[in-house]
Amino acid sequence: MNRDLELKWLQTQWTLGLLSIGKLPEIATTLLCDGIESKALIELAGLTRKEPGAAELFEQALEELGCSPLEPIDAVRYYAKAISASIVASEITPLEGANRIWRAVLHVDLHGFHELDPFIYAASEIPDRPWDRKFFEDAIVEEARRWTSLDDLNARLAEPVHMDRFRPNIVVEGSEPYGEDG
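Numbering (this note's numbering), first residue to last: 11 to 192.
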């Protein structure tokens, strides 16, 4: 992973409350070993897991490294895109991915934000409807494909668009990103 992507991933997890404060010194040490340096990162790497000040030093390090503050809604979208790519690549199961997205959404207060509801709905229904597991897993994979297609589209646009601008009308099985257009 390149430097900027690694920092954005860490910042995303931090914004979503998915990184524990106790792990921050270890993360700082790993970043330093990867050649990513800042004054605050060096100081953070020297802390023990239980010493105070880790959160402040981590945020200072992100700022020193040029990371602009990340809004929770942008963090959850970035997280959903990354998890979707892992689902599509079969690196994680559809249910595991949907559960990760669900947990991330629970960590932030986003009233009226429904772009990730298909993941959450499917993940919440599988335990109560095990006979429909394949149906829900297929739905999660299709939703993940929509997110990877959107990510690719946004890489080509001057101004990115969000998932709430789209609504699936038909479901195409077994396709790659943009396969739904064929």
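Here a beta-carbon is modelled for each residue, glycine too, at the ideal position from N, C-alpha and C.
Rounded to the nearest whole angstrom, the CA to CA distance from LYS33 to GLU61 is 11 angstroms. Counting other Cβ atoms within 10 Å of its Cβ, LEU167 stays below 16 and is therefore classed as exposed. Taking the Cβ atoms as the reference, ARG155 lies roughly 19 angstroms from VAL86, outside the contact range of under 8 angstroms. Within the model, the alpha-carbon separation for ILE130 versus ASN109 is close to 7 angstroms.
When only Cα atoms are considered, GLU169 and THR58 end up about 42 angstroms apart. Going by beta carbons, PRO104 and GLU135 fall outside the 9 angstroms limit. Per the C-alpha coordinates, the member of THR39, LEU54, ALA92 positioned closest to LEU15 is ALA92. PRO82 and LEU160 have their C-alpha atoms roughly 19 angstroms apart.
Using a C-beta cut-off of 8 angstroms, the segment 37–52 makes contact with the segment 61–75, since at least three inter-stretch Cβ pairs fall below that distance.
The beta carbon of ARG143 sits closer than 6 angstroms to those of ILE136, all from its chain and outside the five residues before and after it, given in chain order.
Setting aside the 5 residues that flank it on each side, LEU28 is surrounded in the same chain by ALA114, HIS117, each with a C-beta closer than 7 angstroms to its C-beta; the list follows chain order.
Rounded to whole angstroms, the separation of the alpha carbons of PRO79 and THR22 is 10 angstroms.
For ASP127, the enclosing alpha helix (DSSP H) stretches over residues 127–135.
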